[in-house]
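Colleague: Let me give you the structure first, and then I'll get to my questions.
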Amino acid sequence: MSLSILTLARWLRRDTRGAAAVEFALVVPMLLAIIFSTFEGGWIMLQSIMLDRAVDMTVRELRLGTFANPTHEAMRAKVCERAMVLLNCEASMALELIPITAGAASYPTDDTRCVDRRSEIAPVLRFNGGARSDIMFVRACYVVSPITPGLGLSLALNKDESGALRLISKSAFINEPA
């Protein structure tokens, strides 16, 4: 029994059993991209807020002079301890403490130095605790990989050469006078 092409075309046009599968195949990828982008945006925002909070709390200790012997490692450890959601924090964070001396001329205009995960060499960081009554500038850069690197929001974000996002927190303060 052979069917002619016209008979086959009429039969396929009347049969609607696969219509939902086509709609599903077209709509679900877009819906999943929106859901994953929402999750990605929330996770990045949470990490950024926790980094800002941790830097602010640590800078408060520096400003008041209650942070004993502020070295780069000790300050980074304290920031990472307070920023509870940052994974592999100490290996992924670069921290700078720079005194501002002669007004806007000494304000750092270079890019924030971040950890380069492609290189074994650590970036050269400036860390100078300054003296009493000095204006100080703090920069922290935390490098994080996106959760869904090839989908939705992650495609639109600025990433470095290794595909990681840079979360940057900045703060300025004056050391308390003696």
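Just so we're aligned, residue 1 is where the sequence shown starts under my numbering, counting upward by one.
A virtual CB, placed ideally from N, CA and C, is assigned to each residue, including glycine.
No experiment lies behind these values; they were computed from the predicted model shown.
1) Per DSSP, A94 is paired with what?
2) What are the partner residues of K170, as DSSP defines its beta bridges?
3) In terms of DSSP beta bridges, what is S100 paired with?
4) Answer with buried or exposed for L51, where buried requires no fewer than 16 other C-beta atoms within 10 angstroms of its C-beta.
5) Return the first residue and the last residue of the alpha helix (DSSP H) that K78 is part of.
6) Are at least three pairs of beta-carbons, each pair with one atom in the segment 114-121 and one in the segment 55-64, less than 8 Å apart?
7) Could you check the C-alpha separation between F173 and L153 for me, to the nearest Å?
8) Can you tell me which of the three DSSP states F67 falls into?
9) Compute the beta-carbon to beta-carbon distance between R132 and K170, rounded to the nearest angstrom, for a pair I have assumed lies under 8 Å.
10) Just to check my reading of the structure: F67 and L151 have Cβ atoms closer than 8 Å, yes? What is that Cβ distance to the nearest angstrom?
11) Residues in its own chain within less than 7 Å of V55 by CB, not counting five upstream and five downstream?
12) Could you tell me the alpha carbon to alpha carbon distance between A74 and E176, rounded to whole angstroms?
13) Taking the Cβ atom as the reference point for each residue, do L97 and R126 lie within a distance shorter than 9 Å?
14) I need the boundaries of the alpha helix (DSSP H) containing R13, first residue and last residue.
15) Per DSSP, what kind of secondary structure is S153 in: helix, strand or coil?
16) Under a three-way DSSP split, which group does L165 fall into?
17) Under 9 Å between the Cβ atoms of T101 and D134?
18) When the distance is taken between beta carbons, is V143 closer than 9 Å to R113?
Modeller: Concretely, from the data shown:
1) C141
2) R139
3) In the sequence as displayed, the identity of residue 100 is Ile instead of Ser. DSSP, once it has assigned bridges, lists I135 as partnering I100.
4) buried
5) 72-82
6) Contact fails: fewer than three Cβ-Cβ distances are below 8 Å.
7) 34 Å
8) coil
9) About 22 Å separates the two Cβ atoms, so there is no contact after all.
10) Actually they are not in contact, since the Cβ atoms of F67 and L151 sit about 42 Å apart, beyond 8 Å.
11) V79, V138, A140, S169, S171
12) 20 Å
13) yes
14) Per DSSP, R13 belongs to the alpha helix (DSSP H) from 5-14.
15) One detail in the question is off: residue 153 reads as Leu in this sequence, not Ser. In the structure shown, L153 sits in a helix (DSSP, three-state: H, G or I).
16) strand
17) yes
18) no
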